[in-house]
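Here the sequence shown is numbered in this note's numbering, starting from 3 and rising by one per residue. Positions of the beta carbon are idealized from the N, C-alpha and C atoms, including for glycine. This one's a predicted model, so the numbers in the text were calculated from it and none came from an experiment.
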Amino acid sequence: MKKLLFAAAVAGVALAGCVSNEAEVSPKAEGRIAFAAPLVSGVTRAYVGEIKNPYPTEENFVVSAKYYDNAFDSWNNGQSYMSGVKVVYSAADNAWAPEGQDYYWPKNGSLTFFAYSPADYSSWAPAINADEKLAASAVAVTAANVDLLYSDLTKDQTKANYTTNTYYNGVDIKFCHALSSIVFKTRLTSELNGTTITVNEVTLSGVSSKGDFEWSLDADDAPVWSSQSEAAGYTAVSGAGQEVKYGDAVELEGANALILLPQSLTDAVATVKYTIQNDGGEAIEQTTTVALADLKYGSQESAEWLPGKRYIYTVNFGLDRIVFAPQVKDWEDVVVSE
Numbered sequence: 003m004k005k006l007l008f009a010a011a012v013a014g015v016a017l018a019g020c021v022s023n024e025a026e027v028s029p030k031a032e033g034r035i036a037f038a039a040p041l042v043s044g045v046t047r048a049y050v051g052e053i054k055n056p057y058p059t060e061e062n063f064v065v066s067a068k069y070y071d072n073a074f075d076s077w078n079n080g081q082s083y084m085s086g087v088k089v090v091y092s093a094a095d096n097a098w099a100p101e102g103q104d105y106y107w108p109k110n111g112s113l114t115f116f117a118y119s120p121a122d123y124s125s126w127a128p129a130i131n132a133d134e135k136l137a138a139s140a141v142a143v144t145a146a147n148v149d150l151l152y153s154d155l156t157k158d159q160t161k162a163n164y165t166t167n168t169y170y171n172g173v174d175i176k177f178c179h180a181l182s183s184i185v186f187k188t189r190l191t192s193e194l195n196g197t198t199i200t201v202n203e204v205t206l207s208g209v210s211s212k213g214d215f216e217w218s219l220d221a222d223d224a225p226v227w228s229s230q231s232e233a234a235g236y237t238a239v240s241g242a243g244q245e246v247k248y249g250d251a252v253e254l255e256g257a258n259a260l261i262l263l264p265q266s267l268t269d270a271v272a273t274v275k276y277t278i279q280n281d282g283g284e285a286i287e288q289t290t291t292v293a294l295a296d297l298k299y300g301s302q303e304s305a306e307w308l309p310g311k312r313y314i315y316t317v318n319f320g321l322d323r324i325v326f327a328p329q330v331k332d333w334e335d336v337v338v339s340e
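Structure representation (structure tokens):
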């Protein structure tokens, strides 16, 4: 599973209204808590598409923390220290800090962190429930360009865990992808002489857009999506007019980010619209549809999208060359007489 890292740095960020909630846990505290630029590996706000390094400064995320006198034993046994706190970027300190008030490392005990991203996605606010599971209900994937993330628990952290790194300073938190990334590529299976194939549109239909999320808090367990509903259509590319080339498969230029709900693909269909044009001839429109459930998905036993995985669909174009087999009708003899 690809992961996104961010850090809890002790470098302070100046904010209006310097207030600490340290009294909830300990009468003494030190070192204001802030979060350094996340280190992203792999594939939010609705920031468009998968995030690459560096983590975009326009993005915000949400952090919660529990306090323990000694070490973490379970999330629900801890005392609340940060509860759904939005952190935003401060250019003055090049760090993300809690919005509206400051938080400080306690002198004693330790903190265990959890986070999710983005901060401002209306149906994505996963929380740990009484059964010690991370859950979110009726998560809607509409725009299909938002990378929804959840983190592992970062346990038993103190100010002493502060470290310095090329990309970030502080306590690592590992983000995981809750959704699936879908990418389309094209290629010619053989070279064409005097004929051009141009892709104009790739769409998906029969894809569920809403579901319930649950994760066991065990890093070895994948999250589970259930109750998928509300079939929708998504456009990967439209009006691209991109010529298909022979050689390695390439992504369609100008394609929309498709980060979609993990699900079984029983009803999912991809539709590709393209044109074929011979030199000197007119462009002929063509359409092909493919049931996604009929395809092979690597080592997966079933045709489904799983969380944290990118699925690359390569559309292979091959044409049968037109050739001719001439036949000549036998001469018909005509006898000429006087």
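- Counting other Cβ atoms within 10 Å of its Cβ, ALA99 reaches 16 or more and is therefore classed as buried.
- ASP223 counts as exposed, since fewer than 16 other beta carbons sit within 10 angstroms of its beta carbon.
- Each residue's CA atom was taken as its position, placing THR191 and VAL271 some 22 Å apart.
- If you draw a 10 Å sphere on the C-beta of THR268, you find fewer than 16 other C-beta atoms in it, and that means exposed.
- Counting along the chain, the unbroken beta strand (DSSP E) around THR197 starts and ends at 197-217.
- Secondary structure of ASP174 (DSSP, three-state): strand.
- Secondary-structure assignment with DSSP links PRO128 through no beta bridge to anything.
- Only residues of its own chain outside the window of five on either side were considered, and among them LYS187, THR188 and ARG189 have a CB closer than 8 Å to the CB of VAL252, listed in chain order.
- Within the same chain, and ignoring the five residues on either side of TYR313 in sequence, the residues whose Cβ sits closer than 8 Å to its Cβ are SER182, SER183, ILE184, VAL185, TYR299 and TRP307.
- Its chain contains LYS176 and ALA221 as the residues whose beta carbon lies nearer than 6 Å to that of ASP154, once the 5 sequence neighbours on both sides are disregarded; these appear in chain order.
- SER240 is bridged by DSSP to GLU203.
- Across the structure, GLU61 and LEU321 are spaced so that their CA atoms are roughly 46 Å apart.
- Put simply, the stretch 102-121 touches the stretch 143-160. At least three CB pairs are less than 8 Å apart.
- Beta-bridge analysis with DSSP links VAL292 to ALA272.
- The beta carbon of ALA132 is closer than 8 Å to those of ASN78 in its chain, skipping five residues each way along the sequence.
- At a Cβ-Cβ threshold of 9 Å, GLN302 and GLN265 do not count as neighbours.
- Between the C-alpha atoms of LEU263 and ILE278 there is a straight-line separation of about 34 Å.
- Taking C-beta atoms as the reference points, ALA242 and ASN195 fail to come closer than 9 Å.
- Beta bridge pairing from DSSP links PRO100 with VAL89.
- For GLU255, the CB contacts under 7 Å within the same chain, skipping 5 residues up- and downstream, are ALA242 and GLN244 in chain order.
- Counting every other CB atom within 10 Å of its CB across the protein chains shown gives VAL87 a total of 16 or more, marking it as buried.
- Under the criterion of beta carbons closer than 8 Å, LEU136 and LEU206 do not qualify as touching, at roughly 28 Å.
- Per DSSP, PHE186 is one residue of the beta strand (DSSP E) stretching across 182-190.
- In summary, ALA73 is exposed, with fewer than 16 beta-carbon neighbours lying within 10 Å of its beta-carbon over all protein chains present.
- Between VAL274 and VAL317, the C-beta spacing is below 9 Å.
- Taking a C-beta distance under 9 Å as the contact criterion, TYR91 and GLY80 do not qualify as a contact pair.
- Setting aside the 5 residues that flank it on each side, PRO128 is surrounded in the same chain by TYR118, LEU136, ALA138 and TYR152, each with a C-beta closer than 6 Å to its C-beta; the list follows chain order.
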